[in-house]
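Worksheet for the structure shown next.
There are 2 protein chains.
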Amino acid sequence: MEKTPITVAYGDGIGPEIMQATLDILQAGGAQLDIETIEIGEKVYLSGNSAGIAPEAWESLRRTKVFLKAPITTPQGGGFKSLNVTTRKVLGLFANVRPCVAYSPFVSTKHPAMDVVIVRENEEDLYAGIEHQQTQEVVQCLKLISRPGTEKIIRYAFEYARAYGRKKVTCFSKDNIMKQTDGLFHKVFDEVAAEYPELENEHWIVDIGAAKLADTPEVFDVIVMPNLYGDILSDVAAQIAGSVGLAGSANIGQEVAMFEAIHGSAPRRAGQNLANPSGLLLGSIMMLVHIGQNEAAERVHNAWLKTLEDGIHTYDIFDASVSTEKVGTREFAQAVIARLGQKPQQLTPVSYAQAKNVSFNVTPKPQAPVAIETVGVDIFLRHTDRDPNKLGQALKTHKAGAMSLSMITNRGVKVWPDGFAETFCTDHWRCRFKSEALDPSSYQDILALQQSITEAGFEIIKTENLCTFDGQPVFSAGQGA
Amino acid sequence: MEKTPITVAYGDGIGPEIMQATLDILQAGGAQLDIETIEIGEKVYLSGNSAGIAPEAWESLRRTKVFLKAPITTPQGGGFKSLNVTTRKVLGLFANVRPCVAYSPFVSTKHPAMDVVIVRENEEDLYAGIEHQQTQEVVQCLKLISRPGTEKIIRYAFEYARAYGRKKVTCFSKDNIMKQTDGLFHKVFDEVAAEYPELENEHWIVDIGAAKLADTPEVFDVIVMPNLYGDILSDVAAQIAGSVGLAGSANIGQEVAMFEAIHGSAPRRAGQNLANPSGLLLGSIMMLVHIGQNEAAERVHNAWLKTLEDGIHTYDIFDASVSTEKVGTREFAQAVIARLGQKPQQLTPVSYAQAKNVSFNVTPKPQAPVAIETVGVDIFLRHTDRDPNKLGQALKTHKAGAMSLSMITNRGVKVWPDGFAETFCTDHWRCRFKSEALDPSSYQDILALQQSITEAGFEIIKTENLCTFDGQPVFSAGQGA
Ligand SMILES: NC(=O)c1ccc[n+]([C@@H]2O[C@H](COP(=O)([O-])OP(=O)(O)OC[C@H]3O[C@@H](n4cnc5c(N)ncnc54)[C@H](OP(=O)(O)O)[C@@H]3O)[C@@H](O)[C@H]2O)c1
Ligand SMILES: NC(=O)c1ccc[n+]([C@@H]2O[C@H](COP(=O)([O-])OP(=O)(O)OC[C@H]3O[C@@H](n4cnc5c(N)ncnc54)[C@H](OP(=O)(O)O)[C@@H]3O)[C@@H](O)[C@H]2O)c1
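Chains as they are written, first to last, in the numbering used here: chain A, 3 to 483; chain B, 3 to 483.
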């Protein structure tokens, strides 16, 4: 078997110890790896590199396309960029994959049957980080959901489920409220699900789904979610499995993938041969399957499970009622190596046989172009007088192209025409201009409207075009009344 | 004692039975209520009123300002507006309050010590419902957080904690990512917390906080959150307390407040004297404290707890190992009435003595006006060529006032200048125009820029002004690089 080149970073704190233990186990387990080592983390930050990673390290990552990363320490104080955020953005790591498994009774948990994989979109949603404040009272953050971004993460979830022998993919979204953004996520989920008839699929509204996940996680298998829900609920899932210290995760890009433990560098445990290498080891097992070394992955994973159930435990999970021996990092690795070829008796053994020769094709399907027409504009004003009727009267006289004032909302609630006296109004007003029949307008019309409103003394703070796609409006109506 | 006028709706399905049981208990418990009855729900919808509530009902609500509402049935099929959403918007019910309490061992739960109140902002955040699609690939939803809206909900949480003898108020937000929107929420929390030195306060990043809540809810007391997090996590909290069928909730406005059970009208249990009235009863107890009838509230609540621990249970929570008698709705109400004046022995009795004469003042503090300058504009383009450098070259020549092109991002990631080849680009580009030194520009400059970009053949889809407040930029930088 040819060796697969990978890039390894030993990191900070307990990083070097758990990385050494992990690599020792992988090698004894038959993994064929050609290792390039790079320097990241504290030393690099403190040498004056604000990203914590040297330029030549990127070349290694671009060459091997596989990154096994130990935790690092980000120095205290400002000016240091998060290495994880940088890596994710630069390498386009669109999928965050986190298996959350209970190992009861060997690790205590309220949910002994739990075995859930959270697949979290990693690039868009509110995490695009686009925020503006334009009035004294109101701050805005853009939530962006793209069709190709959504399709990639959902395809990834189904490919993953197929490769890892999973039975069901669940989607969480809030499309009863966010009908267009989360609606797109749900719609793409349904489309892609139809291409995987052998896998069960289902959708839950995220609030009820989250309640179910927290209460009876054993009913879920693979769950795919937009970025924010995935951020919150992958932490919930890892925590209630009882195994935050035992969890690994993968960050997958179309070219490059990164594998790690979910915990940090635990500096106060560094250099004492104490740390549990299991989180990083489980991350490295995901890496082995990713690069097609399924047999080694299976051998190592089962030996690790056997070690756990034999009660050979590092300090962090040692519990006199189930543990037989308290060991250090190195001894734990030796115990796993001694069990290579064995399978657990009580815990469920893993099998990666099915995952052979699976290519994770996540390429979005080309979409037929739609006919886009601009039919109006939402003009947002900064305006401190709180009377919507006065504002409506004043704006009614402004027209351009087919457009005239059709409504005013404040925080989304319609306040003109026919608002309610009780509606609380801020200094942030959305004024919608369009024709009743959705006649097209040009951008010159939109400019003329802005010009005339500005000349009348109003302060425009932002605009949003109103469009139709193939004749259908693709903007939300106002709420209330 | 003078009677307090309240408005009551008997609702649909099990509504009339549980309302009758609730009102019988309240009256026997000494509540002084002057009841106006209104018609809402199925009958009203089917009579052709798409809101499910008659116009004269609003008059009653505006008069009494207190609404005790039984669940209703929303007819199947389109065109019917959610009565809860309408009521919330029309009456400005900004706070959703949901106590989540475990009643172990009488109601089974994995979290027997849980006693958490979720206070959820109810009007803004992503739920303002402002969505636009302007390119084929990208859909947008606006997240709006306002200072007065935030201040109202946070003041409410602290006032509630004080009135109900709670010890700690926790805030959840994601301000490490959404530094301006969630940052505002966190900042206002810290400001308001300082006015309540007798109450402990703390802030958690919502992902870690949610994990903690799902795993060890007993460490929390009152938790205040923006709308979306509150929606998800109030469902999680109610579910893991084990008492979805026993939970009540309040929707509080500055004028009017509405009290209800969190469950629905359970039509298949209607008319059979089976339903558990506890959720609505707990809602009505919140109402009694709200209108200052604390003694009656305490008497009724303790009698209800005593009934529960005496094992007098309706079918839904009947469990032979802890229940002594299976009863119907009416008999359950009689059992509570028979225990008025008694206190529970095993469950913790409630006391509302402290809540006397508390006025819930949530009025936002006036803010000193800031000096707002417009210093640039983000112009968003629909553009299907994927080469950021070509786009950058073309836009570099467009200038107005002090503004010229400073960067281009795609889904928030900087792609010009000095982008990375791996960054995945959609058809949605944000082009930032400003001066290095943040020199002010007029809206005429912004119009001139839009004009020149439009004339060059680019399709503008939206704009966002860039502002400084008292000289400080209040817009986020681009990510990456
Ligand atoms: N991906 C990453 O590189 C990453 C992720 C998170 C944090 N960090 C960084 O790590 C540094 C420390 O963060 P932190 O202390 O908050 O979190 P942490 O490193 O995860 O450690 C917190 C505690 O968890 C326990 N723990 C974590 N990993 C363990 C292991 N493998 N074996 C045994 N016990 C383990 C230890 O508890 P006891 O000491 O109580 O035994 C440790 O003190 C910071 O600089 C942070 O920025 C890096
Ligand atoms: N605030 C509201 O007005 C509100 C809220 C939610 C839903 N709804 C409406 O209610 C209707 C029915 O919704 P749904 O069936 O999904 O939910 P649901 O009414 O909450 O009832 C679901 C099931 O929960 C149990 N249940 C709920 N309340 C109970 C009580 N007080 N005592 C005993 N068991 C109770 C029953 O289970 P078993 O039958 O298995 O015993 C019932 O069939 C729909 O029209 C919905 O729109 C109204």
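Where a beta carbon is used, it is the ideal one built from N, C-alpha and C, also for glycine.
Query	Result
Reduced DSSP secondary structure (H/G/I, E/B, other) of residue 90 of chain B	helix
Residue-level contact to chain B via CB, residue 182 of chain A, 7 Å cutoff	yes
Any non-hydrogen atom of ligand 2 closer than 6 Å to residue 27 of chain B Cβ	no
Own chain residues within Cβ distance below 6 Å of residue 161 of chain B, not counting five before or after	362
Opposing strand residues paired with residue 381 of chain A [DSSP bridges]	A:433, A:465
Start and end residues, beta strand (DSSP E) containing residue 122 of chain A	117-123
Interfacial residues, the stretch 117-136 of chain B to chain A, with Cβ spacing under 9 Å	125, 126, 128, 129, 130, 131, 132, 133, 134, 135, 136
Residue 138 of chain A versus residue 130 of chain B - alpha carbon distance	18 Å
Exposure of residue 216 of chain B, with buried meaning 16 or more beta-carbon neighbours within 10 Å	buried
Helix, strand or coil at residue 483 of chain B according to DSSP, with G and I counted as helix	Note that residue 483 of chain B scores a pLDDT of 45, beneath 50, so its modelled location is shaky; the value from the coordinates is reported in the next line. Coil at residue 483 of chain B, not helix or strand.
Chain-ordered neighbours of residue 36 of chain B on chain A, where CB pairs are closer than 9 Å	Per Cβ cutoff of 9 Å: no residues; residue 36 of chain B is ~23 Å from chain A at best.
Chain E contact for residue 171 of chain A (CB, 7 Å cutoff)	Looking for chain E here will not work: the only protein chains present are A and B.
Any chain B beta carbon closer than 7 Å to residue 22 of chain A	no
Beta-carbon neighbours of residue 210 of chain A, restricted to chain B and to distances below 7 Å	237
Within-7 Å CB hit, residue 147 of chain A to chain B	yes
Interface partners of residue 445 of chain B on chain A, CB under 7 Å	456, 462
Straight-line gap, residue 320 of chain B to residue 253 of chain B (C-alpha atoms, nearest Å)	30 Å
Any non-hydrogen atom of ligand 2 within 6 Å of residue 266 of chain B CB	yes
Residue range of the alpha helix (DSSP H) that includes residue 396 of chain B	390-397
Residue 18 of chain B: CB within 6 Å of a non-hydrogen atom of ligand 2	no
Within 9 Å of chain A by C-beta, residues of the stretch 245-272 of chain B in sequence order	246, 255, 256, 257, 258
Chain A contact for residue 82 of chain B (CB, 7 Å cutoff)	no
Residue 241 of chain B burial status per 10 Å Cβ neighbour count (16 or more: buried)	buried
Among A:405, A:415, A:379, the one whose alpha carbon lies nearest that of residue 476 of chain A	A:379
Option in A:166, A:447, A:124, A:222 with minimal Cα separation from residue 154 of chain A	A:124
Contacts of residue 467 of chain A in chain B (Cβ-Cβ under 7 Å)	136, 463, 464
Element boundaries [beta strand (DSSP E), containing residue 370 of chain A]	Note, residue 370 of chain A: premise wrong, no beta strand (DSSP E); not H, not E.
Interface flag, residue 139 of chain A vs chain B, CB-CB below 7 Å	yes
Any non-hydrogen atom of ligand 2 within 6 Å of residue 331 of chain B CB	no
Cβ of residue 150 of chain A within 7 Å of any chain B Cβ	yes
Residue 345 of chain A (DSSP reduced to helix, strand or coil)	coil
Any non-hydrogen atom of ligand 1 within 6 Å of residue 124 of chain A CB	no
Residue 135 of chain A, enclosing beta strand (DSSP E) - first and last residue	133-135
Secondary structure of residue 188 of chain B, DSSP reduced to three states	helix
Reduced DSSP category for residue 334 of chain A - H, G, I as helix; E, B as strand; rest coil	helix
Validate contact between the stretch 162-170 of chain A and the stretch 259-276 of chain A using beta carbons, cut 8 Å, 3 pairs	no
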